[in-house]
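Asker: Dropping the structure in here first, questions after.
Protein chains: 2
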Amino acid sequence: MSMEIVSKQAIPDETKLVLLIFDGLGGLDNEGRGTALEAAQVPNLDSLAGDSVTGFHIPVAPGITPGSGPAHLSLFGYDPLKYRIGRGVLEALGVNFDLREGDVPARVNFCTLDAEGIITDRRAGRISSEEGQRIVNKLSSAIKIEGVETHLVHVKEYRAALILRGKGLGGGIRDTDPQATGKPPLPPTPIEDTPENRKTASVLSDYLTQARKVLADEERANMLNLRGIDLFEPLPTFQELYHLSPAAIALYPMYKGVSRLAGMTVQEHGQETNSDEFEILEKVWNDFDYFFIHIKKTDSYGEDGNFEGRVQVLEEVDALIPRLMNLSPDVVAVTGDHSTPSPMKGHSWHPVPLMIHAEHCRRDIVTAFNETALLAGGLGTIHGTDILPLMLANGGRLGKFGA
Amino acid sequence: MSMEIVSKQAIPDETKLVLLIFDGLGGLDNEGRGTALEAAQVPNLDSLAGDSVTGFHIPVAPGITPGSGPAHLSLFGYDPLKYRIGRGVLEALGVNFDLREGDVPARVNFCTLDAEGIITDRRAGRISSEEGQRIVNKLSSAIKIEGVETHLVHVKEYRAALILRGKGLGGGIRDTDPQATGKPPLPPTPIEDTPENRKTASVLSDYLTQARKVLADEERANMLNLRGIDLFEPLPTFQELYHLSPAAIALYPMYKGVSRLAGMTVQEHGQETNSDEFEILEKVWNDFDYFFIHIKKTDSYGEDGNFEGRVQVLEEVDALIPRLMNLSPDVVAVTGDHSTPSPMKGHSWHPVPLMIHAEHCRRDIVTAFNETALLAGGLGTIHGTDILPLMLANGGRLGKFGA
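Chains as they are written, first to last, in my numbering: chain P, 1135 to 1537; chain S, 1135 to 1537.
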């Protein structure tokens, strides 16, 4: 359903809602052992399934394999086909950069060029984070562009974010990364030819020319490629839409970035483990009423084809579930942003396991949290954007539609 | 989901996809014996169901009984509520007429008028195909209209297609067939009053006046009625949309016509039986990567209320399934275009049995291909237009949406 309708029905309440995301949760059978969820011993998740309404969700559309950005927008109730968020925007948000309306962020990958300007390494020999930071500082102090602020922010190793800020900038600029070595970087060109887009392309071209000179004496990171260059247009936030005060607990920049888009207060307490994330949840429990907790490794291991790793993460987090339930949340939704079956070593289009626990959730007959058991679930297969309205409804936060 | 989004994600691949359609597949219980699928012995379809993800699809919308044209458009991924294809267009495509953008085709039924111009037989005494062809030739050589080409093509017995070709013609003309004897044919009038539509109506009126004179001495086919008169607007093809090279294997003109609309190469090898169709599949297997195979008789027998006939066709085609599977297709979808329950003797709105077989389809617990067993399927009930995206996804032919 449309976010606008849900927003109109939203009413304030004291209830607390939790969205626990196992990134890449859905799987496929692994050589007869079932999916990772089926092979794992997850007594707490199974028990919660027995006290929930269960099913699946489709993040974007049937057959469509989502990237992490659109998949999370869907979980947060934003139609990912309507709200298109570029990689540059996510990267900038992920490092806590205070993006403003009209900014043009891009993802930066440092790379190595040979004497003829041909890319020999698209990741600059995977330079360390220290070296990456040094390169960023070097560029930041040297590059000046008339009338436009440029902010280069280091992310990790060979990665950074570049943000242009100025009047009349457009978006939709093609990647300069040719996605292969043995080729020179591409010039930044607008996808649609408008004066605003041309201005952005011209500023970026100037930036890259200056950067080439500044980095000429570097051995590895002697150039940079830009990707996902687009105008930032803020989303309406959870506060504005639903009277919610949301918090995000994640380990990775990308997920912090996308939750910041929704207006979430990103928790930065030096967390490094899944257990740390649950500790933060306990710590800030009284300060917010919507909590997004993001578990990354289920996806990473799926991408690596590491079935055992997926099983292990599921079991590890399963043991943390009682800490969540001890807080007596009013609504708990557990799902993934998409499937990442280890036999496919990548994201996939398959529907994602889902359960919603709340006093009035209408429990079904399912008593295990896995791809086979959930087929008998009471939710059936819903669209990802319907999860938030169902959480709000179960939390008593949606008023009656019409008289 | 919108076809445009799926098209943007489409990537080329070598995989081969097969859509096997049993026309009118879905059924209802027949006096306690179950549906035709339940009563039939279909071990190969059952076995394939055990190695597939299964469920149902709804071709147009809940409660809507589709005609064959819209139902097939849906199977081919075109929203039948958006792409309206007139009966005239389908009739012309079905006889291999090379329709071009801007043509106005109509379905022609020869009929018998009495001396007062009242219809006494809407099918002209069911004249033979030889006589139908003679009438068509007679009209074609006699009728001339200034500035507009008219093409009259014989279809079968009392049926033909009339195609107007010329500049500035509109569509949306009301049928001249009053759908009952004892009335005169209706004049061709535009549904919406535009100059283009008026021009088409006027040309058709001229044509009909001339035809009445030319056929005045005929005993049975002394007039013609026009139906489904509309402008032909080509659809975007599978080649354009999905990097597919599609082939259609069917016995009846209507299904050849609708598959030609999607850009399919219609196979014409004199096929007359279901077995012939599988032989053609084997023969052209290396030349295409998407194959639509259409089995007609399940629908014809359903329309006749012939339950045994339906059972027999299902069993006959079931025995041919190994020939399909021996080709090692990457993706096989088996379904119908709509339901045609024999107790109803006609098309119906009921969801249509569906299975999709592929390496990564996420098998469910279903091990039989029938209306009761499929209720436990992993697909649930999807929209007909989602079948093609799922086939593409399972064939590795859809890239990731967003970062």
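The beta carbon of each residue, even a glycine, is placed where N, CA and C say it ideally should be.
If you reduce the DSSP assignment to three classes, tell me which class Leu1509/S lands in.
Answerer: For the purposes of this step, residue 1509/S is taken as residue 375 along the second sequence, with counting starting at 1. If DSSP states are grouped into helix, strand and coil, Leu1509/S belongs with the helices.
Asker: Hey, could you find the ends of the beta strand (DSSP E) Thr1334/S is sitting in?
Answerer: Position 200 of the second sequence, counting from 1, holds the residue named residue 1334/S. That residue, Thr1334/S, is in no beta strand (DSSP E); its alpha helix (DSSP H) goes Pro1329 to Val1348.
Asker: Nearest by alpha-carbon distance to Gly1439/P: which of Asn1164/P, Leu1154/P and Asp1157/P is it?
Answerer: Working through the first sequence from its first residue, we reach residue 1439/P at position 305. The candidate whose alpha carbon is nearest that of Gly1439/P is Asn1164/P.
Asker: Just the chain S side, please: which residues come within less than 9 Å of Thr1199/P by C-beta, in chain order?
Answerer: As a working mapping, residue 1199/P is identified with position 65 in the first sequence. By Cβ distance, chain S contributes Gln1143, Ala1527, Leu1532, Gly1533, Lys1534 and Phe1535.
Asker: Use the C-beta contact count for Phe1503/P: other C-beta atoms within 10 angstroms, 16 or more gives buried, fewer gives exposed.
Answerer: Start at 1 with the first residue of the first sequence, and residue 1503/P comes out as number 369. By the neighbour-count rule (16 or more Cβ atoms within 10 Å), Phe1503/P is buried.
Asker: Quick one: using the 10 Å Cβ neighbour count with 16 as the cut-off for buried, is Arg1234/P buried or exposed?
Answerer: Here residue 1234/P corresponds to residue number 100 of the first sequence, with the count starting at 1. Arg1234/P should be labelled exposed.
Asker: Which residues bound the alpha helix (DSSP H) around Gly1443/P?
Answerer: Residue mapping note: residue 1443/P aligns to position 309 of the first sequence, counting from 1. Per DSSP, Gly1443/P belongs to the alpha helix (DSSP H) from Phe1441 to Asp1452.
Asker: Could you name each continuous alpha helix (DSSP H) segment of 4 residues or more that falls completely within the segment 1390-1434 of chain S, going from the start of the chain to the end?
Answerer: Fully enclosed alpha helix (DSSP H) runs of 4 or longer: 1408-1418.
Asker: In chain P, which residues lie with their C-beta within 9 Å of the C-beta of Ala1355/S?
Answerer: Against the second sequence, residue 1355/S aligns to sequence position 221. Those do not exist, as Ala1355/S stays about 49 Å from chain P at its closest Cβ, beyond 9 Å.
Asker: At the level of alpha carbons, what is the spacing between Leu1488/S and Gly1197/P?
Answerer: By one-based count along the second sequence, residue 1488/S stands at place 354. By one-based count along the first sequence, residue 1197/P stands at place 63. Between Leu1488/S and Gly1197/P, the C-alpha separation is close to 15 Å.
Asker: Report the option in Ala1381/S, Tyr1424/S and Arg1497/S whose CA atom is closest to the CA atom of Pro1146/S.
Answerer: Counting from one through the second sequence, the residue named residue 1146/S turns up at place 12. Considering only alpha carbons, the answer is Tyr1424/S.
Asker: Between His1517/P and the rest of its own chain, which residues show a CB-CB distance below 7 Å, the 5 nearest in sequence each way excluded?
Answerer: Walking along the first sequence from the start, residue 1517/P turns up at place 383. So the qualifying residues of the chain are His1191 and Ile1192.
Asker: Could you give the first and the last residue of the continuous alpha helix (DSSP H) run that contains Pro1487/S?
Answerer: As a position in the second sequence, residue 1487/S is number 353, starting the count at 1. Per DSSP, Pro1487/S belongs to no alpha helix (DSSP H); it is in the beta strand (DSSP E), Val1486 to Ala1492.
Asker: Bridge partners of His1191/S, per DSSP?
Answerer: The residue given as residue 1191/S occupies position 57 in the second sequence. The partner list for His1191/S (beta bridge, DSSP) reads Val1486/S and Ile1516/S.
Asker: Please classify Lys1347/P: is it buried, with 16 or more other beta-carbons within 10 angstroms of its beta-carbon, or exposed?
Answerer: For this step, residue 1347/P is matched to residue 213 along the first sequence. By the 10 Å Cβ count, Lys1347/P comes out exposed.
Asker: Among the candidates Glu1411/P, Phe1366/P, Ser1339/P and Leu1378/P, whose CA atom is the shortest distance from the CA of Gly1391/P?
Answerer: Here residue 1391/P refers to the residue found at position 257 when the first sequence is read from its first residue. Taking only the C-alpha atoms, the option nearest Gly1391/P is Phe1366/P.
Asker: If you scan the segment 1198-1261 of chain P from start to end, which runs of the beta strand (DSSP E) of 3 or more residues do you find wholly inside it?
Answerer: The segment 1198-1261 of chain P contains these whole beta strand (DSSP E) runs: 1238-1247 and 1253-1255.
Asker: Please say whether Phe1156/S and Val1418/S have beta carbons closer to each other than 9 Å?
Answerer: Along the second sequence, read from residue 1 onward, the residue named residue 1418/S stands at position 284. Along the second sequence, read from residue 1 onward, the residue named residue 1156/S stands at position 22. No, the Cβ-Cβ distance between Val1418/S and Phe1156/S is not below 9 Å.
Asker: Could you name the residues of the segment 1457-1484 of chain P whose beta carbon sits closer than 9 Å to any beta carbon of chain S, in the order they occur along the chain?
Answerer: Those would be Ser1473, Pro1475, Pro1477, Met1478, Gly1480, His1481, Ser1482, Trp1483 and His1484, in chain order.
Asker: If we count the other Cβ atoms within 10 Å of its Cβ and call it buried at 16 or more, is Glu1411/S buried or exposed?
Answerer: Start at 1 with the first residue of the second sequence, and residue 1411/S comes out as number 277. Counting Cβ neighbours within 10 Å, Glu1411/S comes out buried, since at least 16 surround it.
Asker: Quick check: the Cα distance between Glu1493/S and Leu1154/P, rounded to an integer number of angstroms?
Answerer: Taking the first residue of the second sequence as position 1, residue 1493/S is located at position 359. Taking the first residue of the first sequence as position 1, residue 1154/P is located at position 20. Cα to Cα, the separation comes out at about 30 Å.
Asker: Excluding the five sequence neighbours on either side, which residues of its own chain have a C-beta within less than 8 Å of the C-beta of Phe1535/S, listed in chain order?
Answerer: For the purposes of this step, residue 1535/S is identified with residue 401 of the second sequence, where counting begins at 1. Only Ile1139 and Gln1143 meet the Cβ criterion.
Asker: Can you tell me whether Pro1475/P is buried or exposed? The criterion is at least 16 other CB atoms within 10 Å of its CB, across all chains shown.
Answerer: What you label residue 1475/P is simply residue 341 of the first sequence in a count that begins at 1. Burial call: buried.
Asker: If you draw a straight line from the alpha carbon of Asp1421/P to that of Ser1141/S, how long is it in whole angstroms?
Answerer: Counting from 1 along the first sequence, the entry for residue 1421/P is found at position 287. Counting from 1 along the second sequence, the entry for residue 1141/S is found at position 7. So the two alpha carbons sit approximately 45 Å from each other.
Asker: What does Arg1293/P touch in chain S if you count any residue whose Cβ is under 7 Å from its own?
Answerer: For the purposes of this step, residue 1293/P is taken as the residue at position 159 of the first sequence. Ordered by position in chain S, no residue passes the 7 Å Cβ test against Arg1293/P, which lies about 13 Å from the chain.
Asker: Do you know offhand how far Ala1258/S's Cα is from Lys1150/S's?
Answerer: The residue you call residue 1258/S lines up with position 124 of the second sequence. The residue you call residue 1150/S lines up with position 16 of the second sequence. Straight-line Cα distance between these residues: approximately 46 Å.
Asker: In terms of DSSP beta bridges, what is His1288/P paired with?
Answerer: Residue mapping note: residue 1288/P aligns to position 154 of the first sequence, counting from 1. DSSP lists Ala1294/P as partners of His1288/P.
Asker: By the three-class DSSP mapping on this structure, what secondary structure does Gly1436/S have?
Answerer: Along the second sequence, read from residue 1 onward, the residue named residue 1436/S stands at position 302. Note: Gly1436/S maps to helix in three-state DSSP.
Asker: To which residues does DSSP link Leu1153/P through a beta bridge?
Answerer: Position 19 of the first sequence, counting from 1, holds the residue named residue 1153/P. DSSP, once it has assigned bridges, lists Phe1426/P and Ala1467/P as partnering Leu1153/P.
Asker: Rounded to whole angstroms, how far is the Cβ of Gly1362/P from the Cβ of Thr1334/P, which I believe are closer than 8 Å?
Answerer: The sequence position of residue 1362/P within the first sequence is 228, counting from 1. The sequence position of residue 1334/P within the first sequence is 200, counting from 1. No, Gly1362/P and Thr1334/P are not in contact; Cβ-Cβ is about 13 Å, not under 8 Å.
Asker: What residues of chain P sit near Gly1514/S, judged by a beta carbon separation below 7 Å?
Answerer: Sequence index remark: in the second sequence, residue 1514/S carries index 380 (1-based). Correct list: Gly1514 and Thr1515.
Asker: Can you find at least 3 beta carbon pairs, one from the segment 1506-1526 of chain S and one from the segment 1219-1232 of chain S, that sit closer than 8 Å?
Answerer: No, because fewer than three Cβ pairs between the segment 1506-1526 of chain S and the segment 1219-1232 of chain S fall closer than 8 Å, the two stretches do not touch.
Asker: Suppose the cutoff is 8 Å on Cβ atoms and the five residues either side in sequence are ignored; what does the same chain contact list for Pro1324/S look like?
Answerer: Here residue 1324/S refers to the residue found at position 190 of the second sequence. Gly1304, Gly1306, Ile1307, Arg1308, Asn1331, Arg1332, Thr1334 and Ala1335, listed in sequence order.
Asker: Using only the alpha-carbon positions, how far apart do Val1289/P and Leu1298/P sit?
Answerer: Taking the first residue of the first sequence as 1, we reach residue 1289/P at position 155. Taking the first residue of the first sequence as 1, we reach residue 1298/P at position 164. Rounded to the nearest angstrom, the two C-alpha atoms are 16 Å apart.
Asker: Along chain S, which residues have their Cβ under 9 Å away from the Cβ of Leu1286/P?
Answerer: Taking the first residue of the first sequence as 1, we reach residue 1286/P at position 152. Residues of chain S passing the Cβ test: none, with the nearest at roughly 20 Å.
Asker: For the alpha helix (DSSP H) containing Ala1527/P, list its first residue and its last residue.
Answerer: Locating residue 1527/P in the first sequence gives position 393, counting from the first residue. First-last of the alpha helix (DSSP H) with Ala1527/P: Ile1521 to Asn1528.
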